[in-house]
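Data first, discussion second: the structure below is written as structure tokens.
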Amino acid sequence: EVQLQQSGAELGKPGTSVKLSCKVSGYNIRNTYMHWVNQRPGKGLEWIGRIDPANGNTIYAEKFKSKATLTADTSSNTAYMQLSQLKSDDTAIYFCAREGMAFDYWGQGVMVTVSS
Amino acid sequence: DIQMTQSPASLSASLGETVTIECLASEDIYSNLAWYQQKPGKSPQLLIYYANSLNDGVPSRFSGSGSGTQYSLKINSLQSEDVSIYFCQQNYDSPPTFGSGTKLEIK
Chain U
10 EVQLQQSGAE LGKPGTSVKL SCKVSGYNIR NTYMHWVNQR PGKGLEWIGR
60 IDPANGNTIY AEKFKSKATL TADTSSNTAY MQLSQLKSDD TAIYFCAREG
110 MAFDYWGQGV MVTVSS
Chain W
552 DIQMTQSPAS LSASLGETVT IECLASEDIY SNLAWYQQKP GKSPQLLIYY
602 ANSLNDGVPS RFSGSGSGTQ YSLKINSLQS EDVSIYFCQQ NYDSPPTFGS
652 GTKLEIK
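As you go down the protein sequences, you meet chains U and W in turn.
The first sequence lines up with residues 10 to 125 when you count with the working numbering.
The second sequence lines up with residues 552 to 658 when you count with the working numbering.
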């Protein structure tokens, strides 16, 4: 059974960084792209970027190019997203999502709250 | 970026009714359109991919149609468990973009 298990909620101060993880099971993470999507409170879904875990190649949405850094560790079947220079409008739920037939499996999401 | 215009923003219908949600792309996306269901407090779940293909385990009362720039999701025989927000997404071109969502409630 394919599962994407994300790390727990984060509370970060403005100007700091957080690193989120997404550990997959039931398939080899190398086999397909991993995407990251956010959802601000009460809002819609916004694509952040994706990584090819097989070679580390990444593509980012323009507005996240200096905000998010995607990495993957194939030995532990885990994808990561680091968010830097946190601001209040980075407060959101962040999801990892596997690319299969569209985004066919999603993590449960992790709430990142930015507050001093 | 391809813009996805989804309508209506909210919808209220009775149990057993049929409802339709529409999505309009700003350019031809050649059926590379997915629909997701997001229940309160949960992550989105894939319902439909490639405009009209039902994902495994999704009830057959859900169906998708459309081509070019216009797509729709139809839910037949509305059930209480269908209360959710529904999103469309184009995955024809990067970046993949989502519609703004349709909140479905039961009357």
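For each residue, glycine too, the CB sits at the ideal point set by N, CA and C.
For residue i, would you say it is in contact with chain U, using Cβ-to-Cβ distances shorter than 8 Å as the test?
i, result
"residue 649 (chain W)", "yes"
"residue 624 (chain W)", "no"
"residue 591 (chain W)", "no"
"residue 603 (chain W)", "no"
"residue 613 (chain W)", "no"
"residue 659 (chain W)", "Because residue 659 (chain W) is not part of the residues shown, which for chain W are 552 to 658, the question remains open."
"residue 606 (chain W)", "yes"
"residue 562 (chain W)", "no"
"residue 597 (chain W)", "yes"
What in chain W is Cβ-close to residue i, meaning under 9 Å?
i, result
"residue 14 (chain U)", "Here the premise fails: no neighbours, minimum Cβ distance about 12 Å."
Counting only C-beta atoms, is residue i closer than 8 Å to chain W at any point?
i, result
"residue 94 (chain U)", "no"
"residue 98 (chain U)", "no"
"residue 68 (chain U)", "yes"
"residue 110 (chain U)", "yes"
"residue 65 (chain U)", "no"
At a CB-CB cut-off below 7 Å, which residues of chain U make contact with residue i?
i, result
"residue 652 (chain W)", "53"
"residue 645 (chain W)", "68"
"residue 640 (chain W)", "111"
Since residue i meets chain W, which of its residues come closer than 7 Å, beta carbon to beta carbon?
i, result
"residue 45 (chain U)", "Those do not exist, as residue 45 (chain U) stays about 11 Å from chain W at its closest Cβ, beyond 7 Å."
"residue 118 (chain U)", "594"
Once DSSP output is grouped into helix, strand and coil, what is the label at residue i?
i, result
"residue 8 (chain U)", "A question about residue 8 (chain U) goes unanswered here, because the residues of chain U that appear run from 10 up to 125."
"residue 656 (chain W)", "strand"
"residue 19 (chain U)", "strand"
"residue 28 (chain U)", "strand"
"residue 99 (chain U)", "helix"
"residue 558 (chain W)", "strand"
"residue 125 (chain U)", "coil"
"residue 631 (chain W)", "helix"
"residue 110 (chain U)", "coil"
Give me the chain U residues within the contact set of residue i, using Cβ-Cβ distance strictly less than 8 Å, ordered along the chain.
i, result
"residue 600 (chain W)", "110, 111 and 113"
Under a Cβ-count criterion, where at least 16 other Cβ atoms within 10 Å of its own Cβ denotes burial, should residue i be classed as buried or exposed?
i, result
"residue 51 (chain U)", "exposed"
"residue 11 (chain U)", "exposed"
*Segments assigned beta strand (DSSP E), at least 3 residues, entirely inside the segment 575-629 of chain W*: 584-589, 596-600, 613-618 and 621-626
*At what residue ranges does the segment 48-102 of chain U contain a whole run of the beta strand (DSSP E), taking only runs of 3 or more?*
54-61, 66-69, 77-82 and 87-92
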